[in-house]
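Structure first, then comments.
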Amino acid sequence: MSPLLILLIGIAVVLLMILVLRTNAFLALIAAALAVSLMNDSIPYAEKGKQVAAALGATVGDIGIVIAMAAIIGVCMMKSGAAEKIVLVLCRVLGEKRFPAALCGSGFVLSIPVFYDTVFYLLVPLARSFYLRVRKNYILCLMAICAGAMITHALVPPTPGPLLVASSLQANLGHMMMISLLVGVILFPVGITAAYFIDWYMPSPEIHLPQEELPQQNANSAERKNSLPPFGFAILPVLLPVVLIALHSFFVLALNNTVPANASGVFRWFVNILHVVGSKEIAMILAAMLAICVYYRQKTATLDEIRKDIDAALLDGGLIILITAAGGAFGKMLQAAGIGKVVENFFQHEAGVSGIGILTAAFCVASILKLSLGSSTTAMMVAAAIIGSMKLTTETLGFNLAYLCLSICCGALVTSWMNDSGFWITSRMAGISETDTLKSVSVLHIIVGCSGFVIILILSQVLPLAI
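For the sequence shown, the positions run 11 to 477 when this note's numbering is used.
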């Protein structure tokens, strides 16, 4: 069977099961992987199921520990008050006049270890409280939260989408983290500006806030603030894995993965230690242990309660791991079917395999999938499976492979409407109508996603980092 027809059928299976049958993304992606395997004549009939299972296991081995540890870090930061402390410090530093920027910065920082919906649950009460005090700029605060949280959620590992994209395209995770943070920092003021723009053309939105007392108002009391961990402890679980992984990647690059023969024993010891703690698995495990220690230090829960919270986090993380791994299995089955060669030949004919052409195609494919599927993470998985089947490298592109990964991530950020769970989370938690959510959140997604892609195009040419 033609590889292109196999690709179309595989995508159709995903779309049918998610959009029409409303099945779980894991079942849809596994069914698509099995369908692609069955249509691939090069795989023996006795091996078709085994190859899908092997591909699933390989993806779990690559990203499972990282996502599980991220889930633990997230719940510990929420329960210990570390996440709240980061928010309060940023708000105090920037002041009331810059409160929206503080909310955006809080979302930006917290969405690295904590998932988007959790960050939104944490910060929305702050936006409500601010609105009840000043009676204006509610949409501005909401959009600031969404902008900050969506940037790092969609671009920066260890969130599942970017992590799987980097794994599927075999990009260096350290490079991915550094470049995605650079893109995110540049994109941050764009997100704030977009929030002000949306607030400007939506001066009178319909707002339906619950009448009960807002929980965050109690959290602002002096007693509550004194019970939060110090800022240094609060921020450490976020910074530690980023610093360790980035430092490891820098030394690998500087030393070309070898230690000079005349290096001292102390330097060799340091490099060997860095090789261990700088791996993504060990770095995330250390960060999770640190987050647990901060939680325990606060004395807000017993060891048994902490264990139950961790168990609950791992249950949630387990589902994310399964969905992400199913996306990886789908991608590997597409590779085995020879999709990569077909896509590569198309670009050779249409665009001469130019780096810009590949980036644009990846962005467009991910955007179309996001519009169809609703889920950014699922759109990233399927787009990464298609583009990853080409087995592109930094050498063939002329710039770092992380830029291609981020083009997919930005594409999956564009558009958010009724088939996106994030759309309904924002609408219901914020207390605004579906129409106003379309006018605000959907527009914000388009602005941030497209702006991010433009930034990636420019950086890939002026700062290729082809290393």
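Using N, Cα and C, we set each Cβ at its ideal position, and we do this for glycine too. Treat the numbers as computed from the prediction; the structure is a model and nothing was measured.
- Rounded to the nearest whole angstrom, the C-alpha separation of P167 and G158 is 15 Å.
- Put simply, of V103, V85, A164 the residue whose alpha carbon is nearest the alpha carbon of Y131 is V85.
- In terms of Cβ geometry, A78 and F340 do not form a close pair [threshold 8 Å].
- Between V458 and L197, the beta carbon gap of about 7 Å places them in contact (Cβ cut-off 8 Å).
- Distance from the Cα of K318 is smallest, within the candidate group Y305, I330, L329, for Y305.
- Here H218 is exposed. Its C-beta has fewer than 16 other C-beta atoms within 10 Å.
- When the alpha-carbon of A35 is set against those of M11, R438, G338, the nearest one is in G338.
- In the three-state reduction of the DSSP assignment, I40 falls in the helix class.
- Looking at the DSSP output, I442 bridges to I217.
- Of the candidates R108, G171, G462, I82, the residue whose Cα lies closest to the Cα of L325 is I82.
- P172 sits buried, since 16 or more C-beta atoms from the chains shown fall within 10 Å of its C-beta.
- In the three-state reduction of the DSSP assignment, K380 falls in the helix class.
- Within a 10 Å sphere around the beta-carbon of D209 sit 16 or more other beta-carbons, which makes this residue buried.
- Around the beta carbon of K290, 16 or more other beta carbons lie within 10 angstroms, which makes this residue buried.
- Following the DSSP letters along the chain, one finds V451 in no alpha helix (DSSP H), marked with neither H nor E.
- When Cβ pairs closer than 8 Å are counted between the two stretches, the segment 138-155 is seen not to touch the segment 43-53, the count staying below three.
- Excluding sequence positions up to five before and after G398, its CB lies within less than 6 Å of the CB of S178, L179, G341, all in the same chain and listed in chain order.
- Straight across, the Cα-Cα distance linking I40 with L14 is about 19 Å.
- Fewer than three pairs of CB atoms, one per stretch, sit closer than 8 Å, so the segment 95-104 makes no contact with the segment 363-377.
- Judged by their CB atoms, A412 and S190 are nearer to each other than the 8 Å cut-off.
- Rounded to whole angstroms, S90 and A422 show a C-alpha spacing of 32 Å.
- Distance from the Cα of I245 is smallest, within the candidate group A205, S470, S121, for S121.
- Across the set A204, V76, M11, G115, the C-alpha of A204 shows the shortest separation from the C-alpha of G462.
- Residue state for S12 is assigned as coil, using DSSP reduced to three classes.
- For C156, the CB contacts under 7 Å within the same chain, skipping 5 residues up- and downstream, are T436, V451, L454 in chain order.
- In this structure, DSSP gives S386 a helical state, which the three-state scheme calls helix.
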